[in-house]
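The structure appears below as structure tokens.
Protein chains: 2
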Amino acid sequence: MKLKRYDKESDYSYTVGLYPTIELLKAKPELVLRVITHSQFSSVEGLKQIQSHAERSGFPYEENDRLIDKLCPKRDCLVIGVFKKYVSRLEPAGNHVVLVNPSNAGNLGTVMRSMLAFDFHDLAVLEPATDLFSPSTIRSSMGALFGIRFEHYGDIGEYRVKHATHRLYPFMTTGKSELDRTTFAEPYSLVFGNESSGLPDDYERIGESVRIAQSDKVDSLNLAITTGIALHHLYRSRHAEVKDPRHLPQA
Amino acid sequence: MKLKRYDKESDYSYTVGLYPTIELLKAKPELVLRVITHSQFSSVEGLKQIQSHAERSGFPYEENDRLIDKLCPKRDCLVIGVFKKYVSRLEPAGNHVVLVNPSNAGNLGTVMRSMLAFDFHDLAVLEPATDLFSPSTIRSSMGALFGIRFEHYGDIGEYRVKHATHRLYPFMTTGKSELDRTTFAEPYSLVFGNESSGLPDDYERIGESVRIAQSDKVDSLNLAITTGIALHHLYRSRHAEVKDPRHLPQA
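These protein sequence lines are chains A and B, in that order. Count along the first sequence from 1, then add 1105; that gives the number in this note's numbering. Count along the second sequence from 1, then add 1105; that gives the number in this note's numbering.
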């Protein structure tokens, strides 16, 4: 198999860097096609981990500077994990993050990293959208892609038909209630708009719109920041409930 | 003056895109050297704003496709504002954000955008650091650079000597108290580490270390996300105080 630089149509992609590669090996060993290291890769611990995964899962690994330089034209990577792309399905009963037409790989990856940090495991992406499997998305996600479920939908209508019992909470700068004064009824879908255009006005009507308090000195927050603040808030709320003695099992 | 593609040593830089350019014209009109538009730039409202600023502030503006393509090699911009770099000083009595060796332009810009959104106006940057004035930093900031004060320091020691009354709150995954259980005594400095390495362990001792609650499924949060969550939390705390009737002036 001759590896080429990534393009959206290919049926494999790759992780760049040790951390995302190890996440791949841990979460999806059956999909790993091979691991390539550069001769300048000097992490003894990293090499040991790759070797031990390779022995367990039976994928080949090799040192190949030329191939790394070809796949990674900025020459800023020393480890690459090649894997077969795969299909994933949302957990119907889970709380979902819904991204409407995300256009930036860095934001998309960062959202996935925050999801895993705050125990959200289901990501719906409405097309058109930037490629979930691109090496730059995976790099920004620090490998969190392999720890969550995801699914693509043509539009919000298609999403709603498939998840009819979910309550929708669109995040808008004109949202009706502030994040920390909103009650989120499970299972819920947190809906975030595109980086430049946000959510169209008619998203007001699909559920209870939420806003994040902010000064009037900026137009809006960065998409990944909005998402991060929302997910952290909900993680803390769940956490606080568990710690509330009324919710603990009786002795 | 013959304009060249940006490099760190030049004494001018430029904004790319309408939104950051307008922020520049509003905040720092005296530093604008010129504005250049592309013939495909079609925002009538945008052109009107540029014209009106140009008349008031006396900088030249012109349509020049060749120059735009030269300065903006990805060919994804239609407006550029060229400005003279400037020196800025922190407000000694303000609450500060301190970034230790930030290395990514996108993160640095996003932090500035969040600062302005949550009413933080003073950014200390410890060297070595990515360039505050690079067009990609300014683009990620959406022009927020022009709305805040900033200052560079060689290390945390130099910063502390200059701001001896500030209480330091280093953000660390091993932090002693959780963000929403921490009392922040003003004036304070929120200290955030580098993207890959975080803060060295000895930062524990410079103040009260803070952690952001998160699952054990990720190593850490993205720097701009950590900062965004912290700044939003403090903005909400200040806000809540103002809304508390005990803090309102008596009738």
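C-beta: ideal position from N, C-alpha, C; glycine also.
If we define contact as Cβ-Cβ less than 7 Å, is residue i a contact residue for chain A?
i	result
Ile-1334 (chain B)	yes
Val-1216 (chain B)	no
Ile-1155 (chain B)	no
Ala-1269 (chain B)	no
Arg-1341 (chain B)	yes
Asp-1224 (chain B)	yes
Leu-1152 (chain B)	no
Gln-1145 (chain B)	no
Val-1121 (chain B)	no
Ser-1175 (chain B)	It is worth fixing the name first, because residue 1175 (chain B) is Lys in this sequence and not Ser. Judged by the 7 Å Cβ criterion, Lys-1175 (chain B) is not in contact with chain A.
Ile-1330 (chain B)	yes
Ser-1193 (chain B)	no
Asp-1112 (chain B)	no
Gly-1280 (chain B)	no
Bridge partners for residue i per DSSP, in chain order?
i	result
Arg-1316 (chain B)	B:Glu-1283
Arg-1254 (chain A)	A:Asp-1227
Gly-1303 (chain B)	B:Asn-1299
Arg-1139 (chain A)	A:Val-1187
Phe-1276 (chain B)	B:Val-1315
His-1338 (chain B)	Beta-bridge pairing links His-1338 (chain B) to no other residue.
Thr-1288 (chain B)	In the DSSP output, where bridge partners are listed per residue, Thr-1288 (chain B) has none listed.
Glu-1196 (chain B)	Glu-1196 (chain B) pairs with nothing; no bridge assigned.
Tyr-1308 (chain B)	Paired residue(s): none; Tyr-1308 (chain B) is not in a bridge.
Tyr-1117 (chain A)	A:Lys-1189
Please name the residue in the options whose C-alpha comes closest to that of residue i.
i	options	result
His-1143 (chain A)	A:Arg-1161, A:Tyr-1117, A:Tyr-1124, A:Asp-1174	A:Asp-1174
Leu-1231 (chain B)	B:Arg-1139, B:Val-1203, B:Leu-1129	B:Val-1203
Ser-1239 (chain A)	A:Gly-1280, A:Asp-1227, A:Arg-1254, A:Asn-1209	A:Asn-1209
Glu-1300 (chain B)	B:Leu-1273, B:Thr-1332, B:Val-1149, B:Ala-1318	B:Thr-1332
Ala-1229 (chain B)	B:Asp-1181, B:Val-1296, B:Ile-1185, B:Asp-1307	B:Val-1296
Lys-1133 (chain A)	A:Asp-1324, A:Gly-1163, A:Arg-1286, A:Tyr-1264	A:Gly-1163
Arg-1286 (chain A)	A:Val-1149, A:His-1338, A:Ser-1219, A:Arg-1194	A:His-1338
With 16 other CB atoms within 10 Å as the buried threshold, where does residue i fall?
i	result
Gln-1156 (chain A)	exposed
Met-1106 (chain B)	exposed
Leu-1227 (chain A)	A small fix is needed here, since residue 1227 (chain A) is Asp in this sequence, not Leu. Buried is the call here.
Ala-1222 (chain B)	buried
Pro-1305 (chain B)	exposed
Ser-1314 (chain A)	buried
Arg-1180 (chain A)	exposed
Thr-1279 (chain B)	exposed
Ser-1282 (chain B)	exposed
Glu-1135 (chain A)	exposed
Checking contacts by CB at 7 Å: is residue i closer than that to chain B?
i	result
Asn-1327 (chain A)	yes
Arg-1316 (chain A)	no
Leu-1130 (chain A)	no
Leu-1221 (chain A)	yes
Val-1323 (chain A)	yes
His-1337 (chain A)	yes
Leu-1250 (chain A)	no
Pro-1125 (chain A)	no
His-1352 (chain A)	Because His-1352 (chain A) carries a pLDDT of 41, less than 50, the predicted location of this residue cannot be relied on, and the following value inherits that uncertainty. Not closer than 7 Å to any Cβ of chain B, the Cβ of His-1352 (chain A) fails to qualify, so no.
Gly-1312 (chain A)	no
At what residues does the alpha helix (DSSP H) containing residue i begin and finish?
i	result
Ser-1162 (chain B)	1149-1162
Tyr-1264 (chain B)	1261-1267
Lys-1189 (chain A)	That residue, Lys-1189 (chain A), is in no alpha helix (DSSP H); its beta strand (DSSP E) goes 1184-1189.
Met-1247 (chain A)	Looking at the DSSP string, Met-1247 (chain A) is not in any alpha helix (DSSP H), and its letter there is neither H nor E.
Leu-1221 (chain B)	1210-1222
For residue i, report the span of its beta strand (DSSP E) as first-last.
i	result
Tyr-1124 (chain B)	Where Tyr-1124 (chain B) is concerned, there is no enclosing beta strand (DSSP E), although the alpha helix (DSSP H) it sits in stretches over 1123-1132.
Leu-1204 (chain B)	1201-1205
Output, in chain order, the set of chain D residues within a Cβ distance shorter than 9 Å of residue i.
i	result
Met-1247 (chain B)	In the structure shown, chain D does not exist; the protein chains are A and B.
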